Structure formats: C-alpha cells, structure tokens
Amino acid sequence: MSIEKVKLAIKMMENTGEEILFTGGVSDKYIIDAESRLGLEFPFDYKYFLRMYGALSFEGECFYGLTKFGLDAAGVPCVIFATESARKLKNISKKMIYIKASGYGPLFSLNVSEVEKYSPVVETSLSYKRDHEVKVLANSFGDFFYDEIKAAIEDL
Numbered sequence: 076m077s078i079e080k081v082k083l084a085i086k087m088m089e090n091t092g093e094e095i096l097f098t099g100g101v102s103d104k105y106i107i108d109a110e111s112r113l114g115l116e117f118p119f120d121y122k123y124f125l126r127m128y129g130a131l132s133f134e135g136e137c138f139y140g141l142t143k144f145g146l147d148a149a150g151v152p153c154v155i156f157a158t159e160s161a162r163k164l165k166n167i168s169k170k171m172i173y174i175k176a177s178g179y180g181p182l183f184s185l186n187v188s189e190v191e192k193y194s195p196v197v198e199t200s201l202s203y204k205r206d207h208e209v210k211v212l213a214n215s216f217g218d219f220f221y222d223e224i225k226a227a228i229e230d231l
C-alpha cells in the first residue's frame, strides 16, 4: 500500500500543474551500492521512490535521494551526504536514513532498526545526541511522502 501512496502523491502533484523537480530514477545497482555505503537496507517503498525519481522537490518540500552525482556527492539532496553528515554530528543513529530537513531544526529520517518491508519515518531534534528521543511521524516512507505532499498542496 505504501508504494500506492507514493504514486497517489505524484498524481496529486501532477494535477496541480505546478513544477515537480526530480533528479531522475537510479538503477538497482546504484541503490545496492548506496545501501552498502551506509551499512543498511532501504525499505521497499523508498527503493521504489529512488528507482522512479532519485530525489524530488515540490513547492519547497525536498525529499533526499540518490542523484547522478554518484555516491560521493557533496551536498543535498544526496541522501548519502545528508545521512553521513547527520551521523557525524550524532543527530541520527546508524540505523536511520536522513530523508528530509524540516526547515526549522528537527530532522526527518527513516528508522530501519527493524528492517521490514516498510520502516517508520521519525523526527529527531538537535538534542538527539544527548537524549536519543525520536517521534514517529508516519508508519512508512510512502505515508510520510503522501502526507507532506498533501500538506504542500493544501498550502498552494
């Protein structure tokens, strides 16, 4: 169902007539290489997003992913850069994938500590390095993506 939420969000964006910016889908090999680099496995729905869009921006909402600049890209929207940078600052755990900035401090990440078909999206504050508190925002990437896009469209 979560992939269906990604597809529905894309259809909603297309129906607005607003510009959808994306870097372009990536290969399964690129995804496997990225997983290896980060030392974890991406959830099923996030892999679908990467295969179809790479990384995506719509109405100020930027979802990190994989770009044509490769595994060593030195900035966002590269999910490898974002995740490794956040890990270095201890703003997320080694079992999280940093997928979106909030724009006001907290980080939005996939928590893959219990890898299943889908993984929850969690919010960590800048105090995470001290308290390790997380707030679950959505049960899956697809649900989170849909909710964020729906909110962006409502603000048009």
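Quick note: the sequence shown uses the numbering used here, first residue 76, plus one each step.
Even glycine gets a Cβ: it sits at the ideal position worked out from N, Cα and C.
In this text, all values refer to a predicted model and were calculated from it rather than measured experimentally.
Check: Any idea if G140 is buried or exposed, counting beta-carbon neighbours within 10 angstroms, 16 or more meaning buried?
Finding: In the assembly as shown, G140 is a buried residue. Its beta-carbon has 16 or more other beta-carbons within 10 Å.
Check: Considering only C-alpha positions, which residue in the set S194, L131 and M87 is nearest to V101?
Finding: For V101, the closest alpha carbon among the candidates S194, L131 and M87 is that of L131.
Next item on the list: Could you tell me whether any Cβ in chain B is nearer than 8 Å to the Cβ of H207?
Entry: Looking for chain B here will not work: only one protein chain is present.
Item checked: Which listed residue (F219, Y193, L96 and K86) has its alpha carbon closest to that of Y128 -> Checking every option, the nearest Cα to that of Y128 belongs to L96.
Next item on the list: Pull up the CB-CB distance for R162 and K170, whole angstroms please, since I reckon it's below 8 Å.
Entry: Their Cβ separation, rounded to whole angstroms, is 10 Å, which puts R162 and K170 out of contact at 8 Å.
Checklist line | K165 versus Y203 - alpha carbon distance | finding: Roughly 7 Å separates the two Cα atoms.
Checklist line | C-alpha gap between N90 and L83, whole angstroms | finding: Rounded to the nearest whole angstrom, the CA to CA distance from N90 to L83 is 11 Å.
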